[in-house]
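These protein sequence lines map, in sequence, to chains A and B. If you use the working numbering, the first sequence corresponds to residues 11 to 225, in order. If you use the working numbering, the second sequence corresponds to residues 4 to 338, in order. For glycine and all other residues, C-beta sits at the position ideal for the given N, C-alpha and C.
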Amino acid sequence: MAVMRVNPTRMELTRLKNRLQVAVRGHKLLKDKRDEMMRRFIDLIKRNKELRERVEQKLTLAFKDFLMARAVMSSEVLEEAIMFPTRKVEIKPSIGNIMGVTVPVIEYKEVTDRELSPYPYSFAATSAELDGAIAAFSDILPLMVELAQIEKTCQMLADEIEKTRRRVNALEYVVIPQLKETIRYITMKLDENERGNRTRLMKVKDMLEKKDATI
Amino acid sequence: MMPQPSYEYGVARVRVLETRLLTRERIERMVDAESAEEALKVLSETSYAPLVAELSSPYEYDELLSKEMKRVRDFIDEISPDPAITELFFLKYDFHNLKVLLKHRYLSGQDDELPLARMGTIPVEVLKKAVEDSDSGILPPFMADVVKDIDEICVLKVDPQRIDTMLDRAMYDHIFEVCRRKRNSFALRYFQMQVDLLNLRSLLRAKRLGQGFDFLKEMLIPHGSLSVSFYSRAIEQPYEQLIKEVESTPYGKVVAEGVEDFLRGGTLTAFERLMDDYLLSYVRSVRYNPFGIEAIVGYLLAKENEIKLIRIIMVGKINNLPAEKIRERLRDVYV
Chain A
11 MAVMRVNPTR
21 MELTRLKNRL
31 QVAVRGHKLL
41 KDKRDEMMRR
51 FIDLIKRNKE
61 LRERVEQKLT
71 LAFKDFLMAR
81 AVMSSEVLEE
91 AIMFPTRKVE
101 IKPSIGNIMG
111 VTVPVIEYKE
121 VTDRELSPYP
131 YSFAATSAEL
141 DGAIAAFSDI
151 LPLMVELAQI
161 EKTCQMLADE
171 IEKTRRRVNA
181 LEYVVIPQLK
191 ETIRYITMKL
201 DENERGNRTR
211 LMKVKDMLEK
221 KDATI
Chain B
4 MMPQPSYEYG
14 VARVRVLETR
24 LLTRERIERM
34 VDAESAEEAL
44 KVLSETSYAP
54 LVAELSSPYE
64 YDELLSKEMK
74 RVRDFIDEIS
84 PDPAITELFF
94 LKYDFHNLKV
104 LLKHRYLSGQ
114 DDELPLARMG
124 TIPVEVLKKA
134 VEDSDSGILP
144 PFMADVVKDI
154 DEICVLKVDP
164 QRIDTMLDRA
174 MYDHIFEVCR
184 RKRNSFALRY
194 FQMQVDLLNL
204 RSLLRAKRLG
214 QGFDFLKEML
224 IPHGSLSVSF
234 YSRAIEQPYE
244 QLIKEVESTP
254 YGKVVAEGVE
264 DFLRGGTLTA
274 FERLMDDYLL
284 SYVRSVRYNP
294 FGIEAIVGYL
304 LAKENEIKLI
314 RIIMVGKINN
324 LPAEKIRERL
334 RDVYV
């Protein structure tokens, strides 16, 4: 591990020791943050997987129904039947917070007029195959909104985890060893200076004593 | 020679064309085709050949079908000795257009491409003008009245389902009025059966969706042979009871089989198929009257049925549905 280019002085040593202390503490905190985020992430990803599977399965079925309706009705009639929706949905996006990560929160609210039938067409002109498709699609919408929210949250959390993990690794494998190494280097250097000084002193003392003896 | 609008002439021409309708065997070959292209190839061996040749890909089958329908419509116009009756069979396009235009107006959306049908008895432009300018004076009275009624109701609240059901009713009111006025027992009977079957289907659909009579009431079309009290009872009763009640009517078999299949598979696919088959078989059974409109209407309905068949097959083939899924939905053929 490379030693930082610093002056091997006592002041520098104190500074580095402080930095090391901060780095170690930071590393511990970040590691805790990472672990907690991982825990949350795993919960979310499980829910995400479950939702996605459900939505996809339901969508496939709904599209199948729709396809059948498409087959027995002409495209004009089909389009007319569904051109005027009776169901309205309000979606309110806001911001949530998971471990300091800003995540989307989507509020889903149906504002359907209860007096209107959910089937915006007459039964005489449309095929029965359409009913199933319409019912299935309106079932899926809230799930899809939830899925959108969770999936985005997962993505953002994953990003953040990645960043945190990189920071933890950087601290653990680069910054902290480097600091330790440098501290060791400075201590050695200072010790070496100390020893040099001492030998020099002893030598001078020796010389002085010799001089005294000759007088 | 100019076409003579006489029954003999019309029936004779229709007899020739009947031989060119797709046979069961051809339909089967289309169902068994490997791909949509293959299915089209089968079609190109028939009277559809020139239209198939114009297509650049099988995905444009819709265009082919509407062209063919338009051709049939023009043909019927040309030979019909009694346009007042044959026009009744095209009224649905007018009312479809009215639905589209009215809904479009209440949505106050952009003037994008509307799903309008070009086969009605009144040009689309006229309908458009009437709805856009609220000028119902240029419409025939039976349309003008219902448009006005809808306008009145929709001032307060727009209910798209209401628009549809009101127009459906107005259409059948007019159809029955004309049939009675013209004393055409064939058309009267045909439409009565159609209304009965549609009402029965609405009943089953409402039942399946768990709706009550209040919901069903809106969907029923008057003029049928089954009474309203029958429907109000039937919606509460179990299916077995329903089958028993209609046993004595001409629809006993259709309902019994259709409901059985529904209880087994949960879809009304079979009922819809049986219902179309029933209507077609009625028309088939009366088509040999050489001095009546039956054969001409028969040809028209046969053509409509055929186009439906081709659509089912093409949608199925393009989406790679298994052959038996397509077969479940295949109606009978006329010849």
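Counting only C-beta atoms, is B/R16 closer than 8 Å to chain A at any point? By 1-based counting over the second sequence, the position of residue 16 of chain B is 13. So, not an interface residue.
Compare the beta carbon distance of B/V17 and B/Y302 with 8 Å and say whether it is the shorter of the two. Taking the first residue of the second sequence as 1, we reach residue 17 of chain B at position 14. Taking the first residue of the second sequence as 1, we reach residue 302 of chain B at position 299. Taking a C-beta distance under 8 Å as the contact criterion, B/V17 and B/Y302 qualify as a contact pair.
Per DSSP, which residues does A/P114 bridge with? Please list them. Counting from 1 along the first sequence, the entry for residue 114 of chain A is found at position 104. Paired residues: A/I105.
From this set, B/R211, B/E239, B/R204 and B/K210, which residue's C-alpha is nearest B/S224's C-alpha? The residue labelled residue 224 of chain B in the question sits at position 221 within the second sequence. Going by the sequence as given, residue 224 of chain B is Ile instead of Ser. With distances taken between Cα atoms, B/I224 lies closest to B/R204.
Quick one: what's got a C-beta closer than 6 Å to B/H177's C-beta in the same chain, skipping five residues either side? Position 174 of the second sequence, counted from the start, is the residue given in the question as residue 177 of chain B. Hits under 6 Å: F145.
Can the beta-carbon of B/Y291 be found less than 8 Å from the beta-carbon of B/M196? Against the second sequence, residue 291 of chain B aligns to sequence position 288. Against the second sequence, residue 196 of chain B aligns to sequence position 193. No, Cβ-Cβ distance for B/Y291 and B/M196 is not below 8 Å.
Please determine whether the Cβ atom of B/R29 lies at a distance below 7 Å from any heavy atom of the ligand MG. Inclusion of the ligand MG in the displayed structure is not the case, the ligand content being empty and no account of it being possible.
Would you kindly work out how many angstroms separate the C-alpha atoms of A/H37 and A/F51, rounded to a whole number? Here residue 37 of chain A is taken as the residue at index 27 of the first sequence, counted from 1. Here residue 51 of chain A is taken as the residue at index 41 of the first sequence, counted from 1. Separation of A/H37 and A/F51 (C-alpha to C-alpha, rounded to the nearest whole angstrom) is 20 Å.
Going by CA-CA distance only, name the one from B/K160, B/P241, B/L282 and B/R236 that's closest to B/V262. Walking along the second sequence from the start, residue 262 of chain B turns up at place 259. Per the Cα distances, B/P241.
Residues bridged to A/K119 [DSSP beta-bridge criterion]: By 1-based counting over the first sequence, the position of residue 119 of chain A is 109. Paired residue(s): A/E100.
When the Cα atoms are used, what is the spatial distance from B/N322 to B/P118? On the second sequence, residue 322 of chain B is found 319 positions in, with the first residue counted as 1. On the second sequence, residue 118 of chain B is found 115 positions in, with the first residue counted as 1. Cα to Cα, B/N322 sits roughly 23 Å from B/P118.
Residue from A/L77, A/T122 and A/I108 whose Cα sits closest to the Cα of A/R44: Walking along the first sequence from the start, residue 44 of chain A turns up at place 34. Closest option to A/R44, Cα to Cα, is A/I108.
Where does B/P325 sit, in a helix, a strand or coil, going by DSSP? Position 322 of the second sequence, counted from the first residue, corresponds to residue 325 of chain B. Here B/P325 sits in coil by DSSP.
List in chain order: all unbroken alpha helix (DSSP H) runs of 4+ residues lying wholly within the segment 266–305 of chain B. 272–289, all fully within the segment 266–305 of chain B.
Along the chain, where does the alpha helix (DSSP H) that runs through B/F98 open and close? Sequence index remark: in the second sequence, residue 98 of chain B carries index 95 (1-based). Here the alpha helix (DSSP H) through B/F98 covers L94 to L110.
Excluding the five sequence neighbours on either side, which residues of its own chain have a C-beta within less than 8 Å of the C-beta of B/M4, listed in chain order? As a working note, residue 4 of chain B is residue 1 in the second sequence. Only weak support exists for where B/M4 lies, its pLDDT of 48 falling under 50; the value from the coordinates is given anyway. Contacts found: none.
Test: A/L126 CB closer than 8 Å to a CB of chain B: As a working note, residue 126 of chain A is residue 116 in the first sequence. Closer than 8 Å to some Cβ of chain B, the Cβ of A/L126 qualifies, so yes.
To the nearest angstrom, how far is the alpha carbon of B/A56 from that of B/I82? Here residue 56 of chain B refers to the residue found at position 53 when the second sequence is read from its first residue. Here residue 82 of chain B refers to the residue found at position 79 when the second sequence is read from its first residue. Inter-residue distance for B/A56 and B/I82 is about 27 Å (C-alpha atoms, whole angstroms).
If you follow the alpha helix (DSSP H) that B/P163 is part of, which residue opens it and which one closes it? Locating residue 163 of chain B in the second sequence gives position 160, counting from the first residue. Taken as a continuous stretch (DSSP letters only), the alpha helix (DSSP H) holding B/P163 covers P163 to K185.
Let me know the alpha helix (DSSP H) ranges lying completely inside the segment 209–245 of chain B, each 4 residues or longer, listed in chain order. 216–222 and 231–237
Please list the partners that A/P130 has in chain B, where partner means a Cβ-to-Cβ separation under 7 Å. Reading the first sequence from its first residue, position 120 is the one you call residue 130 of chain A. Neighbours of A/P130 in chain B, taken as residues whose beta carbon is under 7 Å from its own, are P163 and Q164 in chain order.
Would you say the segment 62–75 of chain A touches the segment 133–149 of chain A, given that touching needs at least three Cβ pairs under 8 Å? yes
Can you tell me which of the three DSSP states B/G123 falls into? Position 120 of the second sequence, counted from the start, is the residue given in the question as residue 123 of chain B. Here B/G123 sits in coil by DSSP.
Report the three-state DSSP secondary structure of A/R210 (helix, strand or coil). Taking the first residue of the first sequence as 1, we reach residue 210 of chain A at position 200. Helix.
Identify which residue in B/I299, B/L54, B/R332 and B/G213 has its Cα closest to the Cα of B/E21. As a first step, residue 21 of chain B must be located in the second sequence, where it is residue number 18. Nearest of B/I299, B/L54, B/R332 and B/G213 to B/E21, Cα basis: B/I299.
Check whether B/L304 and B/L277 have beta carbons under 8 Å apart: Here residue 304 of chain B corresponds to residue number 301 of the second sequence, with the count starting at 1. Here residue 277 of chain B corresponds to residue number 274 of the second sequence, with the count starting at 1. In this structure, B/L304 lies away from B/L277, with their beta-carbon atoms at least 8 Å apart.
Is the segment 165–176 of chain B touching the segment 141–155 of chain B in the sense that three or more CB pairs, one from each, lie closer than 8 Å? yes
What are the boundary residues of the alpha helix (DSSP H) that B/K160 is part of? As a working mapping, residue 160 of chain B is identified with position 157 in the second sequence. Note, B/K160: premise wrong, no alpha helix (DSSP H); not H, not E.
Look at A/V178 and A/K41 and say whether their C-beta atoms are less than 8 Å apart. As a first step, residue 178 of chain A must be located in the first sequence, where it is residue number 168. As a first step, residue 41 of chain A must be located in the first sequence, where it is residue number 31. Yes.
Would a C-beta distance cut-off of 8 Å place B/F98 and B/M174 closer than the cut-off? Locating residue 98 of chain B in the second sequence gives position 95, where the first residue counts as 1. Locating residue 174 of chain B in the second sequence gives position 171, where the first residue counts as 1. Taking 8 Å as the cut-off, the Cβ atoms of B/F98 and B/M174 count as close.
What's the C-alpha gap between B/F2 and A/K162? Because chain B here runs from 4 to 338, residue 2 of chain B falls outside it and cannot be looked at.
Contact belief for A/V113 with A/M48 at Cβ below 8 Å, rounded distance in angstroms: Your numbering for residue 113 of chain A matches position 103 in the first sequence. Your numbering for residue 48 of chain A matches position 38 in the first sequence. That pair is no contact at about 16 Å.
Between B/P8 and chain A, is the shortest Cβ-Cβ distance under 8 Å, so that the two count as touching? Sequence index remark: in the second sequence, residue 8 of chain B carries index 5 (1-based). By this cut-off, B/P8 is not an interface position.
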